Structure formats: structure tokens, C-alpha cells
Amino acid sequence: MSLVDAVTIAAVRAAADRLAGVARRTPVMTSRSLDEAVGASVFVKCENFQRVGAFKFRGAYNALAQLDDDARQRGVLTWSSGNHAQAVALAAGLLGVPAVIVMPEHAPRVKLEATRGYLSCAPAGSEIVRYDPQHVVREELGQQ
Numbered sequence: 135m136s137l138v139d140a141v142t143i144a145a146v147r148a149a150a151d152r153l154a155g156v157a158r159r160t161p162v163m164t165s166r167s168l169d170e171a172v173g174a175s176v177f178v179k180c181e182n183f184q185r186v187g188a189f190k191f192r193g194a195y196n197a198l199a200q201l202d203d204d205a206r207q208r209g210v211l212t213w214s215s216g217n218h219a220q221a222v223a224l225a226a227g228l229l230g231v232p233a234v235i236v237m238p239e240h241a242p243r244v245k246l247e248a249t250r251g252y253l254s255c256a257p258a259g260s261e262i263v264r265y266d267p268q269h270v271v272r273e274e275l276g277q278q
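Just so we're aligned, residue 135 is where the sequence shown starts under our numbering, counting upward by one.
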């Protein structure tokens with residue numbers, strides 16, 4: 135689907151089917167103080183309870199689950215300093231897709247270690263590549 139395509143209810147349902155049993159069903163909370171502050175009902179989706187602690191897992195898993203066999207064998211490449219890196223690493227491990235994750239040298243240690251842990255379950259060839267954003271353009275690194 136391109137960026138100009140509208141998301142259809144069928145696409146949302148298909149994504150929900152792919153995520154069933156894999157993504158956590160996170161709670162929706164309300165807050166009287168938030169409601170009063172904005173003058174409307176506020177509903178907060180608690181994606182901090184999601185796998186990797188962020189909503190990013192849903193998108194990463196859904197994207198990797200739709201790869202054809204050839205693309206799965208080639209693997210994926212992504213750039214992230216945190217949550218997306220962890221989400222792709224976990225999804226890659228669950229789906230058996232090799233993943234190269236490019237992370238800046240200044241990425242928080244906790245994010246790096248979590249990504250490394252998730253990536254340890256991914257297929258051979260999966261790795262984290264660190265780079266110095268002051269001296270390297272990450273897209274050029276990805277081309278290598």
C-alpha cells in the first residue's frame with residue numbers, strides 16, 4: 135500500500151487478524167482530570183503494556199508478516215535509536231526474518247541492550263550496526 139492509499143476497514147481487520155495472539159490487547163483508560171483539562175472525554179490507549187513497551191510492535195510485526203517468501207529470505211533493514219529497533223528485532227525473531235538494525239552510537243544503552251536481546255532470537259545474519267551520526271549518513275550506511 136502506498137502512502138497515498140486510504141486505509142480501508144478491510145486492511146485494518148486483516149492487520150488485526152495477523153496480530154491476533156501475538157500483540158497484547160492493551161487497556162484503554164480514562165482520566166477525569168484529563169477530561170476536565172481539555173473539556174472533553176479523553177481515552178488513553180495504554181500501549182506501554184504492549185510487547186517492547188510501545189505501539190511500534192504492532193506496525194513492525196504487521197509489516198514483516200506481509201513479506202513474501204523472497205523478501206523474508208533477503209531480510210529487512212531499519213534505522214532507529216529505540217522503540218522501532220526493538221519492535222523490528224522482536225518481530226524478526228518471531229517470524230524468522232533476518233534483520234539489520236542501524237542504531238546511532240548515542241542510542242540509550244537500555245534501548246541497545248533490549249534490541250540486542252530481541253535480535254538474539256532472529257535468524258543468522260541479523261545484527262545491530264552502530265554509527266556516528268556526526269560523521270556517517272545512515273542511509274549511506276544502509277546501502278552497504
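For each residue, glycine too, the CB sits at the ideal point set by N, CA and C. Only a predicted model underlies this, so the values are computations on that prediction, with no experimental measurement involved.
Comparing C-alpha distances from residue 247 to each of 190, 233, 223 shows the shortest one belongs to 223.
If you keep only unbroken beta strand (DSSP E) runs of at least 3 residues inside the region 180 to 232, you get 210 to 213.
Counting along the chain, residue 164 sits inside the beta strand (DSSP E) bounded by residues 162 to 164. Under DSSP, residue 265 shares a beta bridge with 238.
Put simply, the region 184 to 200 does not touch the region 164 to 171. Fewer than three CB pairs are less than 8 Å apart. The beta-bridge partner set that DSSP reports for residue 178 consists of 163.
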